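Protein chains in written order, with this note's numbering: chain A, 1 to 81; chain B, 1001 to 1752; chain C, 2001 to 2169. Here a beta-carbon is modelled for each residue, glycine too, at the ideal position from N, C-alpha and C. Keep in mind it's a predicted model, so treat the numbers as computed, not measured.
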Amino acid sequence: MPEVRLFGGLRDAVDGAESVRVEGATIRELLQSLGREYPRIRERIGQGIAVSIDGVIYRDNWDQPIPEGAEVGLLLRIAGG
Amino acid sequence: MANDSKFTNQKFKLVGTRVMRPDGVDKVTGRARYGADASAPGQLVGAILRSPHAHATIRKIDTQKAEKLKGVKAVITSADLPDFTGGEGELYNVLENCMARGRALYDGHAVAAVAAVDAETARRALKLIKVDYKVLPHVTDVDLAIKPGAPVVQPGVKTKDKKAAPTNVANVTTYGHGDVEAGFGKADVIIEKSYKTEQVHQGYIEPHACLASVGPDGHGELWVTTQGPFAYRNWCATLLGMEMSQLKVTSSEIGGGFGGKTHVWIEPIALALSRKANRPVKLVMSREEVFRASGPTSPTSIDVRLGATRDGRIVAADAAMRYGNGAFPGIWGEVGAMAAWACYDIENVRSVGYEVLLNRPKVAAYRAPSAPMAAFAVESTVTLMAEALGMDPVEFRLKNAAREGTRASYGPTYGPIGIVPTLEAVKKHPHMRARLGKNQGRGVACGFWFNFGGQTCADLIIDVDGTVGLSVGTVDVGGARASLSLIAAEELGIPYEEVRCNIADTASLGHNDMTDGSRGTFSSGMATIFAARDAIEQLRVRAAKAWGIDVKNVSWKDGKAIAKGKRKSLTLKEIAEASPNTGGPISGHSQVVADGAGVSFASHICDVEVDPETGGTKVVRYTVVQDAGKAVHPDYVEGQFQGGAAQGIGWALNEEYVYGKDGRLQNPGFLDYRIPVCSDLPFIDTQILEIPNPNHPYGIRGVGETSIVPPLAAIANAVSDAAGVRMTHVPMSPPRVLAAIKASRAEKAPTG
Amino acid sequence: MKGIAVSTTVNGDAVEFVCDARETLLDVLRNHLGLTGAKEGCGTGDCGACSVLLDGQLVCSCLVLGAEVEGREIETVEGMADGDRLHPLQKRFLEHAALQCGVCTPGFLVAAKALLERNSNPSESEIRYALAGNLCRCTGYDKIVHAVHAAAGDLRRQQKARKKRKAAG
Chain A
1 MPEVRLFGGL RDAVDGAESV RVEGATIREL LQSLGREYPR IRERIGQGIA VSIDGVIYRD
61 NWDQPIPEGA EVGLLLRIAG G
Chain B
1001 MANDSKFTNQ KFKLVGTRVM RPDGVDKVTG RARYGADASA PGQLVGAILR SPHAHATIRK
1061 IDTQKAEKLK GVKAVITSAD LPDFTGGEGE LYNVLENCMA RGRALYDGHA VAAVAAVDAE
1121 TARRALKLIK VDYKVLPHVT DVDLAIKPGA PVVQPGVKTK DKKAAPTNVA NVTTYGHGDV
1181 EAGFGKADVI IEKSYKTEQV HQGYIEPHAC LASVGPDGHG ELWVTTQGPF AYRNWCATLL
1241 GMEMSQLKVT SSEIGGGFGG KTHVWIEPIA LALSRKANRP VKLVMSREEV FRASGPTSPT
1301 SIDVRLGATR DGRIVAADAA MRYGNGAFPG IWGEVGAMAA WACYDIENVR SVGYEVLLNR
1361 PKVAAYRAPS APMAAFAVES TVTLMAEALG MDPVEFRLKN AAREGTRASY GPTYGPIGIV
1421 PTLEAVKKHP HMRARLGKNQ GRGVACGFWF NFGGQTCADL IIDVDGTVGL SVGTVDVGGA
1481 RASLSLIAAE ELGIPYEEVR CNIADTASLG HNDMTDGSRG TFSSGMATIF AARDAIEQLR
1541 VRAAKAWGID VKNVSWKDGK AIAKGKRKSL TLKEIAEASP NTGGPISGHS QVVADGAGVS
1601 FASHICDVEV DPETGGTKVV RYTVVQDAGK AVHPDYVEGQ FQGGAAQGIG WALNEEYVYG
1661 KDGRLQNPGF LDYRIPVCSD LPFIDTQILE IPNPNHPYGI RGVGETSIVP PLAAIANAVS
1721 DAAGVRMTHV PMSPPRVLAA IKASRAEKAP TG
Chain C
2001 MKGIAVSTTV NGDAVEFVCD ARETLLDVLR NHLGLTGAKE GCGTGDCGAC SVLLDGQLVC
2061 SCLVLGAEVE GREIETVEGM ADGDRLHPLQ KRFLEHAALQ CGVCTPGFLV AAKALLERNS
2121 NPSESEIRYA LAGNLCRCTG YDKIVHAVHA AAGDLRRQQK ARKKRKAAG
């Protein structure tokens, strides 16, 4: 079960926790599990978030597999110029 | 293979060469058509009435007289637009920014619009619209806006606790790790400093412009200067209740965007006017409107605390970052907080971003949005720390720089990154050994930007004569067509000249995210490679058919199909010519989510000369070192480095939104909002480093944005060195520098 | 609205148009004559994107009234190339990648042409000051200055060759 670190404002949606453990072999499954266990995070996911897996940041590629023991983070989806 | 984005480490024949851009001749002969260069039969001219007040309730808008004026074909206010009250907040905010609904939130906020037969009639009609305002108290300064009792910009906004009183702080977000206070406990030296940066505008030379046409059948077309035709299409259709497929958006040539053309401003208004008048409407912003009502970046106020041990190791870092968002909540303080400490490996680190609402225009992305101000505060303090420790500022940075495996302050752990190599290159650069003259000073600073990819689609067609048409959906902001043609030619193994790259409209290609986040060449480059690989698959099938052999025995090399036992190869041209009878047209297609954009780092060196009598600063030498991953077209990579540096120089020394006590913008023109001109700048030296991005077939990282991140700090460090006094307020305009010099002299002078 | 009839010469061609007294030369070029090479970046003479030559003199066409050009000669970016041969400035701008978005390019080309017509061998600082009325937000001017410098050399060589031919013929 991957440990997901949450950064910035996303922590508010999981009662301030720095990290949570949820099921998920892909980004999609991970986000689904997060939404089930922490319903308040669904709105943030809907607005757009980014997921980092071992340092690489994914925004829309929800098929991305999450390897065993990977470092996983949930981040703000930033804007660019 | 087809959609494998892993770095191939191949030897390039074309990528990395300096070819001529395919859109060049049109652009030097005046033929290229920008936003305001298109016209339609029966076209009307649109114009927008804007609030002269920084903050007011709109009690009534009387448009009757304007409507009766001969030649006026449509007048609209928010009453003519969908009302998203109670719906999704962001939709409401975006539309309210385009057209005020019951309240004006900043000087320049649109309150009504007209379409008339000509510009003069439209202007006269605006004068006939009577708006009954009740003026409210306003606030335009970041520090004043967060004080108790400050006028509240958005009464609906509350920080966190929904029961709390309204405030101008729309959100507070914290990043970092470790125990910051314990870290400071271990520090031998602690430096605390507060910084301020003024609001600046992207300053694209081409104002927002569009030509909109909507019929009563619900069909619509929009010609517009934008960084993202698909995003504009989606926004406009959603805001106006149109079906996305019924609205075709074509991006004109774009006369600069830098983030400012990633948001809709006048476009929904032009479409609404056209729909009401049932005629095409051309709507172009004046320069004054561009300044008052589109795109500036945040004004900021930042406190930094940095702790280090005597041997030069940073042990704790903390930043409180207040970013003005304008009249609508955004994410700018949070992005600043994420970027602030990204260059360094710090055990105990924290940054807190505050989104502060002001009676100023809605803040838009500006090239690596939020990062330059963060870097100004952080990199100024880092240099101060090096000075306090008696260390060379480059050595001190090297000692603390993030490396592969460092946990970034914003969360993830870095893969291979370029901060150390850029600093090593700075150390070796002859610029660092050049002698400084009288009143001159030198500064160094680092910068970071995330970069991102996103949804991308490309079509590659092989014409029967063997030439290739490439259609992409990311707008070409500065040479991308050349780079993408190079990539297509490289992958197919044909000459560059045989590829023609076109920017597709929204009806001709699948969705593409905008050209932002330095993603154009990274993402469309990836999609182009995949589309070319798709086309090669088909070329192999056709060759196999011609030879009557199994396709698995055919491979592709240097623009030709080859097969074991076949002495002759089949060229792309030969296969294309035969295509009508081997299965019809040949084309390659790709649709990808281009993720895995590599983070980008740069280090800049700057020499300035400060005139102690006037406080005027001249940049005398400037060097940019940046990691490009792979420079596809080095000329345009250098151009991005130079352009970003120049914008940063303007920001650091001159550019500033000046608001009067009445909350009105005092300098909405290029005369008083002075961007750097040719005689203000030296040649800007560039050094491209290529540390391949492992997540792109060609190793490409984005290059567009990072170059604007270090300049504020590099120049502040240089000016402080030259003037002998630490500058903490950007822009370092002559009056500010002079005041700082005088204050420092007064401080140093013996008293009594 | 009463129109003013104006006869003038644009890029060597005789042209007639009727304009409103308030319309600028830039409005006339863009909206009446279909010459959209000159751009309106500010409308106040600060950005130079609308630069044209009026009787050989560099002007911001947004600061000239359409009615003022009666009997005069106007040159715009559209008239710079000689048939299908690009002007050396146009060529060098392309070779040196002196444009990114390209919206300021017509103004720069016209301003640079005005400079090289009065000074065939300008120094870097002469180039920089001559182009200080033209704003570019993309390039940092670096490659523009190099391109103008290279084009100046081309024009000098062309002139020398012409002189040689004249002397020989």
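Along the chain, where does the beta strand (DSSP E) containing residue i start, and where does it finish?
{"i": "A:SER19", "result": "19-21"}
{"i": "B:ALA1170", "result": "1169-1177"}
{"i": "B:ALA1056", "result": "1056-1062"}
{"i": "B:HIS1604", "result": "1600-1610"}
{"i": "B:VAL1135", "result": "1130-1135"}
{"i": "B:LEU1048", "result": "Reading off the sequence shown, one finds Ile at residue 1048 of chain B, where the question assumed Leu. Run containing B:ILE1048: 1044-1050, per the beta strand (DSSP E) assignment."}
{"i": "B:LYS1560", "result": "1560-1563"}
Would residue i count as contacting chain B if we go by Cβ distances under 7 Å?
{"i": "C:ARG2157", "result": "no"}
{"i": "A:LEU75", "result": "yes"}
{"i": "A:TYR38", "result": "no"}
{"i": "C:CYS2047", "result": "yes"}
{"i": "A:ASP60", "result": "yes"}
{"i": "C:VAL2006", "result": "no"}
{"i": "A:ALA79", "result": "yes"}
{"i": "C:ASP2055", "result": "no"}
{"i": "C:PRO2122", "result": "no"}
{"i": "A:SER52", "result": "yes"}
{"i": "A:GLU71", "result": "yes"}
{"i": "C:THR2036", "result": "yes"}
{"i": "A:VAL56", "result": "yes"}
Return yes when the Cβ of residue j is within less than 7 Å of the Cβ of residue i, no when it is not.
{"i": "B:VAL1610", "j": "B:VAL1499", "result": "no"}
{"i": "C:VAL2077", "j": "B:GLY1256", "result": "no"}
{"i": "B:LYS1248", "j": "B:GLU1221", "result": "yes"}
{"i": "C:LEU2053", "j": "C:GLU2068", "result": "no"}
{"i": "B:THR1456", "j": "B:SER1370", "result": "no"}
{"i": "B:TRP1332", "j": "B:THR1706", "result": "no"}
{"i": "B:PHE1184", "j": "B:GLY1307", "result": "yes"}
{"i": "C:ALA2114", "j": "C:LEU2025", "result": "no"}
{"i": "B:ALA1714", "j": "B:GLY1441", "result": "no"}
{"i": "B:LYS1630", "j": "B:TYR1698", "result": "yes"}
Using 7 Å as the limit for Cβ to Cβ distance, is residue i near chain A?
{"i": "B:PHE1376", "result": "no"}
{"i": "B:GLY1035", "result": "no"}
{"i": "B:PRO1369", "result": "yes"}
{"i": "B:TYR1092", "result": "no"}
{"i": "B:PHE1230", "result": "no"}
{"i": "B:GLN1246", "result": "no"}
Nearest by alpha-carbon distance to residue i: which of the options is it?
{"i": "B:GLY1479", "options": "B:GLN1640, B:ILE1314, B:ASN1097", "result": "B:GLN1640"}
{"i": "C:GLY2043", "options": "C:GLY2034, C:ARG2118, C:VAL2064, C:LEU2109", "result": "C:VAL2064"}
{"i": "B:GLN1626", "options": "B:PHE1396, B:VAL1290, B:PRO1155, B:ILE1417", "result": "B:ILE1417"}
{"i": "B:ASP1685", "options": "B:ASP1635, B:ILE1191, B:LEU1653, B:ASP1062", "result": "B:ASP1635"}
{"i": "B:TYR1323", "options": "B:ALA1308, B:PRO1299, B:ALA1375, B:ILE1346", "result": "B:PRO1299"}
{"i": "B:GLN1538", "options": "B:TRP1556, B:THR1528, B:GLY1525", "result": "B:TRP1556"}
{"i": "B:GLU1347", "options": "B:GLY1218, B:LYS1186, B:VAL1072", "result": "B:LYS1186"}
{"i": "B:LYS1070", "options": "B:ALA1122, B:ARG1033, B:MET1321, B:GLY1086", "result": "B:ALA1122"}
For the ligand MG, any of its heavy atoms closer than 6 Å to the Cβ of residue i?
{"i": "C:GLU2016", "result": "No copy of the ligand MG appears in this structure; indeed no ligand is present at all."}
I want to see whether chain C comes within less than 7 Å of residue i, judged by CB atoms only; does it?
{"i": "B:LEU1671", "result": "yes"}
{"i": "B:THR1029", "result": "yes"}
Over what stretch of residues does the alpha helix (DSSP H) that includes residue i continue unbroken?
{"i": "B:PHE1007", "result": "That residue, B:PHE1007, is in no alpha helix (DSSP H); it is neither H nor E in DSSP."}
{"i": "C:ASP2142", "result": "2142-2168"}
{"i": "B:GLY1510", "result": "Careful: B:GLY1510 lies outside any alpha helix (DSSP H) and carries neither H nor E."}
Can you check the segment 1615-1679 of chain B for any alpha helix (DSSP H) of at least 4 residues that lies completely inside it and give the ranges in chain order?
-> 1634-1653
Within the segment 1340-1364 of chain B, note down every full beta strand (DSSP E) run reaching 3 residues or more, in order along the chain.
-> 1349-1357
Would you list, in sequence order, the uninterrupted beta strand (DSSP E) runs of no fewer than 3 residues that lie entirely inside the segment 2056-2124 of chain C?
-> 2057-2060, 2073-2075
Go through the segment 1251-1303 of chain B residue by residue and report every complete run of the alpha helix (DSSP H) that reaches 4 residues or more, in order.
-> 1267-1277, 1287-1293
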